[in-house]
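Order-wise, the sequence lines are chains D and E. 437 is the number of the first residue of the first sequence in my numbering; add one for each residue after it. 819 is the number of the first residue of the second sequence in my numbering; add one for each residue after it. Virtual Cβ for every residue (Gly too), placed ideally from N, Cα, C. Below is one structure; the comments refer to it alone.
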Amino acid sequence: MLEVIRSVPVEYYVYLSSVLFSIGVFGVLTRRNAIVVLMCIELMLNAVNLLLAAFSTYLSDAQGQIMVFFIMVVAAAEAAVGLGILVMIYRNTKSTDISLLDKLRN
Amino acid sequence: MTLAIFLTLAVISVITALLMVFAKSPVHSVLYLILTFFTIAGQYVLLNAQFLAVVHIIVYAGAIMVLFLFVLMLLNLNKDTEPQKSAGWRLAGAIAAGSLLVTMVGAMHGSIQIAGTEQSNPQVGLVENLGKVLFTDFVVPFEIAGILFLAAMVGAVLVGKKDLKV
Chain D
437 MLEVIRSVPV
447 EYYVYLSSVL
457 FSIGVFGVLT
467 RRNAIVVLMC
477 IELMLNAVNL
487 LLAAFSTYLS
497 DAQGQIMVFF
507 IMVVAAAEAA
517 VGLGILVMIY
527 RNTKSTDISL
537 LDKLRN
Chain E
819 MTLAIFLTLA
829 VISVITALLM
839 VFAKSPVHSV
849 LYLILTFFTI
859 AGQYVLLNAQ
869 FLAVVHIIVY
879 AGAIMVLFLF
889 VLMLLNLNKD
899 TEPQKSAGWR
909 LAGAIAAGSL
919 LVTMVGAMHG
929 SIQIAGTEQS
939 NPQVGLVENL
949 GKVLFTDFVV
959 PFEIAGILFL
969 AAMVGAVLVG
979 KKDLKV
């Protein structure tokens, strides 16, 4: 039996992940720079990854950690495509301010 | 001892995540987020998921955050000229995120009944076991993930092209 299972309750990991996820949500809601918004999304994905890994260890089931790998794959693909789109937006608007992107409103 | 390490890593990760959100310069945000990722890798080591920790550092600190920094340098955005949202928006965001946190913690509090059993396998996060599971039970999703990567790569190159002639 692992030392961490004996001494750290699994609730602590739930609380830590919830706090990190909420910080990510706060960043997405309040920042205007698109790059920082993408970074906050990465933080939210990492909070979920941490919780999956913790449950995987506590249940000694490897499937949770496999799921973390697939989330990492999606995060890497998302970062690559998102930053590509961002460079394209910057070329057209000379800014990464997301509040300028309201062309669909009217 | 393990609890002390856990709490230290948790406090550092929360503080650096908050600094990441509140930093004025995007470059500082990237650097604080890298610190957060290192503390999360420490949590993985604590959970005896060593392979996950190494992959996490290589993929996030080594690839994704370098990509972010590269784009920041390319667009020359490393100055503090980002316009801020108004105080009302920030307050609304804080209330929304705080409500989400309270809801999640309230829903989870006391409802999780997981206790590690004495016969639990501590080798579950090591590379031998993970590789076996990945290439037997999850071989089809693994291949699909490869195709997703290829599609993302082609898409990123196509989106980034200067004058696209279809």
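Per-residue contacts from residue i into chain D (C-beta, under 8 Å)
i: F855 of chain E; result: N482
i: I932 of chain E; result: V446, F491, Y494, L495
i: A828 of chain E; result: Y448, L452
i: I807 of chain E; result: Shown here, chain E extends from 819 to 984; a query on residue 807 of chain E therefore has no answer.
i: L837 of chain E; result: Residues of chain D passing the Cβ test: none, with the nearest at roughly 10 Å.
i: A879 of chain E; result: Going along chain D, no residue has its Cβ under 8 Å from A879 of chain E, so there is no contact; the nearest lies around 11 Å.
i: A851 of chain E; result: Per the sequence shown, the amino acid found at residue 851 of chain E is Leu instead of Ala. What L851 of chain E touches in chain D: M475, E478, L479.
i: V942 of chain E; result: S492, T493, S496, D497, A498, Q501
Where residue i sits in the DSSP three-state scheme
i: N469 of chain D; result: strand
Outcome for residue i when other beta-carbon atoms lying within 10 angstroms are tallied against a minimum of 16
i: S454 of chain D; result: buried
i: V975 of chain E; result: exposed
i: E946 of chain E; result: exposed
i: A969 of chain E; result: exposed
i: I852 of chain E; result: buried
i: N866 of chain E; result: buried
i: I965 of chain E; result: exposed
i: L486 of chain D; result: buried
i: F888 of chain E; result: exposed
i: V884 of chain E; result: exposed
i: S904 of chain E; result: exposed
i: M567 of chain D; result: Missing from the structure shown is residue 567 of chain D; chain D here goes from 437 to 542 and no further.
i: G891 of chain E; result: It is worth fixing the name first, because residue 891 of chain E is Met in this sequence and not Gly. With fewer than 16 other Cβ atoms within 10 Å, it is exposed.
i: G943 of chain E; result: buried
i: S831 of chain E; result: buried
i: G949 of chain E; result: exposed
i: S492 of chain D; result: buried
Proximal residues of chain D, C-beta to C-beta of residue i below 9 Å
i: F953 of chain E; result: Here the premise fails: no neighbours, minimum Cβ distance about 10 Å.
i: Q861 of chain E; result: Y449, L452, L486, A489, A490
i: L948 of chain E; result: A498, Q501, I502, F505
i: V977 of chain E; result: V517, G520, I521, V523, M524
i: V945 of chain E; result: Near V945 of chain E there are no residues of chain D at all, since even the closest Cβ is about 11 Å away, more than 9 Å.
Neighbouring residues, chain D, relative to residue i (Cβ below 7 Å)
i: K842 of chain E; result: The contacting residues do not exist; K842 of chain E stays about 10 Å from chain D at best.
i: T820 of chain E; result: E439, V440, S443, V444
i: L870 of chain E; result: A489, Q501, V504
i: I833 of chain E; result: Correct list: empty, because the minimum Cβ distance to chain D is about 10 Å.
i: A963 of chain E; result: F506, V509
i: V923 of chain E; result: Y451, S454
i: T864 of chain E; result: Note that residue 864 of chain E is Leu in the sequence shown, not Thr. Simply V440.
i: I875 of chain E; result: What I875 of chain E touches in chain D: nothing, since even the nearest Cβ is about 11 Å away.
i: I858 of chain E; result: N482, L486
Expected contact under 8 Å - CB spacing of residue i and residue j to nearest Å
i: H874 of chain E; j: I858 of chain E; result: 7 Å
i: A828 of chain E; j: L452 of chain D; result: 5 Å
i: A533 of chain D; j: R468 of chain D; result: The sequence given here has Asp at residue 533 of chain D, not Ala. The pair is a contact, with the Cβ atoms about 5 Å apart (cut-off 8 Å).
i: Y494 of chain D; j: V446 of chain D; result: 5 Å
i: L837 of chain E; j: Q501 of chain D; result: With 8 Å as the limit, L837 of chain E and Q501 of chain D do not qualify as a contact, their Cβ atoms being about 29 Å apart.
i: L478 of chain D; j: I882 of chain E; result: For the record, residue 478 of chain D in the displayed sequence is Glu; it is not Leu. Right, their Cβ atoms sit about 7 Å apart.
i: V517 of chain D; j: G973 of chain E; result: 5 Å
i: I471 of chain D; j: L895 of chain E; result: 7 Å
i: V504 of chain D; j: L488 of chain D; result: 5 Å
i: V977 of chain E; j: I521 of chain D; result: 6 Å
i: V444 of chain D; j: L821 of chain E; result: 6 Å
i: Y448 of chain D; j: F824 of chain E; result: 7 Å
i: T834 of chain E; j: T854 of chain E; result: 5 Å
Per-residue contacts from residue i into chain E (C-beta, under 8 Å)
i: L519 of chain D; result: L885, F886, V889, A974
**Members of the segment 521 to 535 of chain D that neighbour chain C once the beta carbon cut-off is set at 7 Å** = Chain labels in this structure do not include chain C; the protein chains are D and E.
**Item:** Positions along the segment 471 to 497 of chain D whose CB lies within less than 9 Å of some CB in chain E
**Value:** I471, V472, L474, M475, C476, E478, L479, N482, A483, N485, L486, A489, A490, F491, S492, T493, Y494, L495, S496, D497
**Interface positions of the segment 455 to 472 of chain D facing chain E (Cβ-Cβ less than 8 Å), listed along the chain** = V455, L456, F457, S458, I459, G460, V461, F462, G463, L465, T466, R467, R468, N469, I471, V472
**Asked** Taking Cβ-Cβ distances below 8 Å as the criterion, which residues of the segment 888 to 920 of chain E are in contact with chain D?
**Response** V889, L890, L892, L893, L895, E900, P901, Q902, K903, W907, R908, A910, G911, A912, A914, A915, G916, L918, L919
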